[in-house]
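Numbering (the numbering used here), first residue to last: 22 to 273.
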């Protein structure tokens with residue numbers, strides 16, 4: 022994995038508690054804003070609702086101003102990222118929420134299906150969620166990071182989907198992005214998970230065999246080159262001494 026890693030001190034109540042609290046807030050914001058997803062609502066309205074929830078909790082939306090990004094969350098509709106328009110009943114939309122609370126970042130995302138989405142969209146979304154679950158299931162101390170990409174791409178190919186290679190999971194804690202950078206496809210990257218590793222897994226699956234994305238002139242919008250739909254789910258994972266804790270898991 023690229024560069025030195027910054028491990029969370031599992032015995033430090035402030036540090037371990039800080040990253041857990043940030044992840045919990047990100048999870049809550051995603052859940053509450055997800056309840057607003059319906060035909061006719063705009064991505065700008067979803068962004069505004071997210072911003073208000075985050076600020077009301079005493080936190081800051083990590084993406085806002087990051088590399089000149091103009092929004093508080095990222096919204097991906099079908100094959101395009103962060104374009105404002107009313108949602109159609111046939112759409113699928115990903116909401117990616119990252120917050121900074123007390124100096125620690127929490128990061129999670131989910132793809133939502135609108136009520137008129139077709140069977141192809143449903144299969145894509147269900148397969149992407151399953152790919153994330155299977156990747157989390159292999160995590161633990163001593164496990165090679167490359168196992169994550171193997172299980173994700175194995176499942177994607179069996180379902181007739183491909184994995185975008187331009188976006189990775191990443192270490193997270195006091196910084197938004199830092200090593201380890203987690204590849205979602207088969208790879209030979211060195212490195213094994215250690216207690217205190219805190220990172221995201223966020224596989225982007227695309228319909229068909231070509232998962233490439235093209236960056237638009239605004240510097241942050243990416244669309245699939247084929248126009249195929251994509252889906253993504255993300256959790257923040259903390260490696261413990263005996264397994265893996267999913268910090269953004271929805272516990273109801």
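All residues carry an ideal CB built from backbone N, CA and C; glycine is no exception. It should be emphasised that the depicted structure is a prediction, and the values quoted were computed from it without experimental measurement.
Going by the DSSP bridge assignment, what does residue i pair with across the sheet?
i           : result
residue 235 : 244
residue 252 : 226
residue 259 : 219, 266
residue 63  : 107
Can you tell me the Cβ-Cβ gap for residue i and residue j, rounded? I've got them flagged as a contact below 8 Å.
i           : j           : result
residue 220 : residue 248 : With a Cβ gap of about 31 Å, residue 220 and residue 248 do not count as contacting.
residue 64  : residue 106 : 7 Å
residue 112 : residue 130 : That belief does not hold up - the Cβ atoms of residue 112 and residue 130 are roughly 16 Å apart, past 8 Å.
residue 60  : residue 108 : 6 Å
residue 170 : residue 207 : 5 Å
residue 101 : residue 58  : Their Cβ separation, rounded to whole angstroms, is 16 Å, which puts residue 101 and residue 58 out of contact at 8 Å.
Just to confirm before moving on: does the CB-CB distance between residue i and residue j stay below 9 Å?
i           : j           : result
residue 174 : residue 205 : yes
residue 222 : residue 160 : yes
residue 47  : residue 120 : yes
residue 167 : residue 210 : yes
residue 252 : residue 145 : yes
residue 195 : residue 27  : yes
residue 151 : residue 134 : no
residue 212 : residue 89  : no
residue 44  : residue 257 : yes
residue 147 : residue 190 : no
residue 184 : residue 227 : yes
residue 250 : residue 181 : no
residue 40  : residue 268 : yes
residue 217 : residue 30  : yes
residue 242 : residue 231 : no
Checklist entry - At which residue ranges does the region 147-221 contain complete beta strand (DSSP E) runs of 3 or more residues, listed in the order of the chain? => result Listed in chain order, they are 182-184, 190-192, 199-203.
Checklist entry - For the region 73-144, which segments carrying the beta strand (DSSP E) assignment without a break, of at least 3 residues, lie completely within its bounds, in sequence order? => result Taking 3 residues as the shortest admissible run, the region 73-144 contains the following complete beta strand (DSSP E) segments, listed from N- to C-terminal end: 95-98, 113-122, 125-134.
Next on the checklist: With three or more C-beta pairs closer than 8 Å as the rule, is the region 65-75 touching the region 45-55?
Outcome noted: Contact between the region 45-55 and the region 65-75 is established, with three or more Cβ pairs separated by less than 8 Å.
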